[in-house]
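S.K.:
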Amino acid sequence: MSDLAAIRNFKRVVLKLSGEALRASGSHDNISPEIVERIACEIHGARQTADVELAIVVGGGNFWRGASASARGMDRATADYVGMLATVMNALALQAAV
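Going by our numbering, the sequence shown opens with residue 1067, and the numbers climb by one from there.
(1) Which ranges would you report for the alpha helix (DSSP H) in the segment 1111-1146 if only whole runs of at least 4 residues count?
(2) In angstroms with no decimal places, state the Cα-to-Cα distance between M1155 and N1075.
(3) If contacts are defined as beta-carbon pairs under 8 Å, then G1132 and D1146 qualify, I think. What distance do you get, rounded to the angstrom?
(4) Please go through the same chain and pick out, in chain order, the residues whose beta-carbon is closer than 6 Å to the beta-carbon of G1149, but skip the five residues on each side of it.
(5) Let me check one thing: in DSSP terms, what residues is L1083 bridge-paired to?
(6) With a threshold of 8 Å, are at least 3 pairs of Cβ atoms found where one atom belongs to the segment 1136-1145 and the other to the segment 1102-1120?
(7) If I'm right that V1102 touches L1158 with Cβ under 8 Å, what's the distance once you round it to whole angstroms?
(8) Which residues does DSSP list as the beta-bridge partners of R1104?
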């Protein structure tokens, strides 16, 4: 069974993207516009091909890692809140490209 045939068995699909996936390898920039655009094109193509509802969950690890900040002494809840803001930044960048 092809991947597309398998997907068509579902009404809804969740795509999880690591925040690191938005960063170019070896780059100091947190977000690569070229990579974000490429991912947006892939998402658009998938939506055109498979008749499913698509939810996208994007991480913020390219900006912030709550566990690392917590290990360095920051309150864990505060560190996680900063990570949530990083997730929002990535989601906005991806939304603008899609």
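Quick reminder that beta carbons are idealized off the backbone N, C-alpha and C, glycines included.
M.R.: Well, looking at it:
(1) Whole alpha helix (DSSP H) segments, 4+ residues: 1132-1137.
(2) Their backbone Cα atoms lie some 32 Å apart in a straight line.
(3) Going by Cβ atoms, the distance from G1132 to D1146 rounds to 4 Å, so yes, they are a contact pair.
(4) Once the five neighbours on either side are set aside, the close Cβ partners of G1149 are G1126, W1130 and G1132.
(5) Answer by DSSP bridge pairing, in chain order: V1124.
(6) Output reads no: the segment 1102-1120 does not touch the segment 1136-1145.
(7) That pair is no contact at about 10 Å.
(8) DSSP lists no partner for R1104.
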